[in-house]
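Numbered per this note's numbering, the sequence shown spans residues -7 to 296.
Remarks on the structure that follows.
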Amino acid sequence: MSDPAAEKVIIDQQHSGERVDVALARQLGISRSQIHKQLRSGQISREGVSAAINPSEQVHGGERFLVAPAVIEPTPAVPQLAILYEDDDLLVVDKPAGLVVHTSESGRTQPTVAAFAAAHGVIDNDSARPGIVHRLDKDTSGAMVLAKNPAAKDALQAQFKRRTVGKTYLALVRGRLAQEEAVIELPIGRDRNRPVKRAVVAGARPAITRYRTIRTYPGATLVEIELQTGRTHQIRVHFAHLGHPVVGDILYGDAKRPRGLTRQWLHAAGLRLTTPAGRPLAVESPLPSDLKTYLQSLEEPGII
């Protein structure tokens, strides 16, 4: 493709193991049939490679494609997010459930946290993920920090890498846990059978989850969690491995999504970090109404 306006699309690691047409469709937010049409017409090509692309070939993440402007969907609407804290270097926003973090997760057909950051004036050399320091799953709500400039982003990412950021979550899990509080230390890697999932895998990257029980309900336990690492789907994987999946988490083994709940019961309740200016910062996100209402309903027979 010789069009100088063509956009470079880099396949995200989360699509590793998928067919190229599936990965591109998800990342661009268009149908597979549209992808096939654009591949045939040459409007999508592999960067630096003239050979035709086989739609069924497998991607591993990191592949680079050139996409003609006509293929790209219009810029998605900017979501309106509550700001929990703001200074010259960072924002802490309250991410609602259902909102993805950046375009490589969503394609281009829905709003993203990154779109909010860009509209808010965040300056970043990474135009695809402006301000993004860490991520929350699409259907996980709660506190999320955004860097407002490159220096702040480097400083905040370094804290996450050193594991000095305090990350508190609330989760409702199935059943009653054998220990009221414990440390789950089990390595997490990609699920060999379903690449979109993660699993406890011997020899994979270490993952540490601390929890304490807040309250037990009929058939469920509310826990407060402190993450010492930040692996993809860490809380969901660890509790599912113990036989206590997060309530409403169909992907990780909950048998069904219960009445009154449209997502997994998981909330990023708080962040503790040092601002790039050197000040300690603690921010809390209030429990969303859907999760609060579901907790209140648990005393009713048959809900869980």
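All C-beta atoms, glycine included, are put in the ideal place defined by N, C-alpha and C.
Does the Cβ-Cβ distance between V105 and K140 come in under 8 angstroms? Residue 105 sits at position 113 when you count from the first residue of the sequence shown. Residue 140 sits at position 148 when you count from the first residue of the sequence shown. For V105 and K140, no; Cβs fall outside 8 angstroms.
F231 versus K29: straight-line alpha-carbon distance, rounded: Position 239 of the sequence shown, counted from the first residue, corresponds to residue 231. Position 37 of the sequence shown, counted from the first residue, corresponds to residue 29. Approximately 42 angstroms between the Cα atoms of the pair.
Contact set for V70: own chain, Cβ-Cβ below 7 angstroms, skip 5 residues either direction: Here the question's residue 70 lines up with position 78 in the sequence shown. Once the five neighbours on either side are set aside, the close Cβ partners of V70 are P103, A107, F108, A111.
Here's a check: name, in chain order, each residue in its chain whose Cβ is nearer than 7 angstroms to the Cβ of D116, leaving out the five neighbours to either side. Indexing the sequence shown from 1 puts residue 116 at position 124. If we look at D116 and ignore the five residues flanking it on each side, its Cβ neighbours are P122, G123, P142, K145.
Could you check whether the stretch 231 to 247 touches the stretch 160 to 176, counting it as contact only if at least three pairs of C-beta atoms, one from each stretch, sit closer than 8 angstroms? yes
Quick check: the Cα distance between A(-2) and A274, rounded to an integer number of angstroms? Looking up residue -2 in the sequence shown gives position 6. Looking up residue 274 in the sequence shown gives position 282. Straight-line Cα distance between these residues: approximately 43 angstroms.
Length of the line joining the Cα atoms of L138 and V125: On the sequence shown, residue 138 is found 146 positions in, with the first residue counted as 1. On the sequence shown, residue 125 is found 133 positions in, with the first residue counted as 1. The alpha-carbon atoms of L138 and V125 are separated by roughly 6 angstroms.
The beta strand (DSSP E) that contains P272, what's its start and end? On the sequence shown, residue 272 is found 280 positions in, with the first residue counted as 1. Run containing P272: 272 to 276, per the beta strand (DSSP E) assignment.
Hey, could you find the ends of the beta strand (DSSP E) L20 is sitting in? The count along the sequence shown starts at 1 and reaches residue 20 at position 28. Unbroken run through L20 is the alpha helix (DSSP H), 12 to 20; no beta strand (DSSP E).
Determine the DSSP secondary structure at S42, reduced to helix, strand or coil. One-based indexing of the sequence shown puts residue 42 at position 50. It is coil, neither helix nor strand.
Assign R190 to buried or exposed, taking buried as 16 or more other Cβ atoms, counted over all protein chains shown, within 10 Å of its Cβ. In the sequence shown, counting from the first residue as 1, residue 190 sits at position 198. Answer is buried; the Cβ neighbour count reaches 16.
Considering only the beta carbon of each residue, do T224 and V215 sit closer than 8 angstroms? Here residue 224 refers to the residue found at position 232 of the sequence shown. Here residue 215 refers to the residue found at position 223 of the sequence shown. Contact: no.
Drop a sphere of 10 angstroms on the beta-carbon of G262, count the other beta-carbons inside from all chains shown, and report buried for 16 or more, exposed for fewer. For this step, residue 262 is matched to residue 270 along the sequence shown. The residue is buried, with at least 16 neighbouring Cβ atoms inside 10 Å.
Comparing alpha-carbon positions, which option in G54, E177, S25 lies nearest K0? As a first step, residue 0 must be located in the sequence shown, where it is residue number 8. Residue G54 is the option with its Cα nearest to K0.
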